[in-house]
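Encoded as C-alpha cells, the structure appears first; notes follow it.
In my numbering, the protein residues as written are 165 to 503.
Here it is in C-alpha cells:
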C-alpha cells in the first residue's frame, strides 16, 4: 500500500497534536481516576508510603470513592478482595493489615474500627445506589459486629473502641477521635432506628472536651480515664498529627461544623501570618513538624475554611495524602449545607 505525501505530511503534523490532546485529557482526569490508577490493583489499595501494604482503612477509602464515582466494577473488586483477604472468620470485622511481602500476609487479626466503619458505610451507600446486590445485608452484619464488640459504656459515656485488642487499661480506655466517622455513624443511626444515638452524642461530648495545650486541639490518641477526664495517651506522642487531621474532615462531612471550628482557628493562625501550616504540633511543648501539611491535609484545611478544593493527585503524592484529598473533595460536595 502506498501513501500520498499529503497523507504522510498530515500524519506527521497531527502526531504532536494527538500527544498534546492526550496530555490535556490526563490533566483533566478526576481525582478518583488518578487515585485508582496509582493505588488500585487486583482488588486492593496499596499504601505507597508504607511498603505497599493494604489496610482495611484503605479498602474503605477506595470503596467510598468508587461508590461516589458510580464505579461499580471497581467497588465490587474492592469488596470481594476485602471479604476474601481481611474478613475475620469469627465475626464480621476485618483484620487491619495485609502485607504481601510476608508468608502470612494477615498475621495480625486485630481490627481497626475506622476501617470497619468505612467498609460498612460504603456498603450502605452502595445499597442505595445499586440495590438488590446484597450490599445492605453485608453492611448490616458489620454494623452489628461493631455495635456488639466495639461499643462499650464507661465513665458515664458510650464509647467507640479503636480496636478489639490493646486499647483498655485498669483505669482508662484509649480513644481515637479520627475513628469517629460522623457521616457514617449518622447513616448507621438512621438505618438502625436510633441504635447509634448514644455513640454519637457521647462522642461529640468527649471530643468537645478533648482540647489540650496551647493549640486547644485533640491528640491523635486520647486516654479517657475512669474519673471522666481526658488526656493525651501516655504511650503516644502528644501530637495533633497524622490521625487527628482527619477529625475536621469527618465532622464537616457529617454536618458538625461547630465542632470543626477550633481546627480552622488553629490553621488560620499560620495562614494569617503567611506561614506554612505544619504537619503536626506537640500540644504540650508547641513544637511543630519541620515539614508542612500534606496536599491531602491542605484539602481538609480548605474544607474547614469553606474554600473550593481544586488540587489534583500528582505522581509524587503518597497514598494517604491522595486519599485525604479525594475524600475532602467528596465531603465538599456532600456536606449537609451544600445538599
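Where is the CB? At the ideal position from N, CA and C, for every residue including glycine. Bear in mind the structure is a predicted one, so any value in this text is a computation, not a measurement.
Residue 242 sits away from residue 309, with the two beta carbons spaced by 8 Å or more. Excluding the 5 residues flanking it on each side, residue 473 has same chain C-beta neighbours closer than 8 Å at 463, 466, 467, 489, 492, 493, 496, in chain order.
By the 16-neighbour rule on beta-carbons within 10 angstroms, residue 378 is exposed. A residue is called buried when at least 16 other Cβ atoms come within 10 angstroms of its Cβ; residue 219 meets this threshold and is buried. For residue 266, there are no CB contacts under 7 Å within the same chain when 5 residues up- and downstream are skipped. Residue 222 is a Cβ neighbour of residue 211, given a cutoff of 8 Å.
Beyond the five residues adjoining it in sequence on each side, residue 456 comes within less than 7 Å, by CB distance, of 440, 441, 442, 443 in the same chain, given in chain order. Around the beta carbon of residue 374, 16 or more other beta carbons lie within 10 angstroms, which makes this residue buried.
As a beta-bridge residue in DSSP terms, residue 261 pairs with 219.
Residue environment analysis places residue 416 among the buried positions, since at least 16 neighbouring C-beta atoms fall within 10 angstroms of its C-beta. DSSP places residue 231 in the helix class (H, G or I) of the three-state scheme. Taking every protein chain shown into account, the CB of residue 407 has 16 or more other CB atoms within 10 angstroms, so this residue is buried. In the DSSP assignment, residue 322 falls within the unbroken beta strand (DSSP E) covering 321-324. Residue 348 and residue 260 do not touch by the CB rule: their CB atoms are close to 17 Å apart, not below 8 Å.
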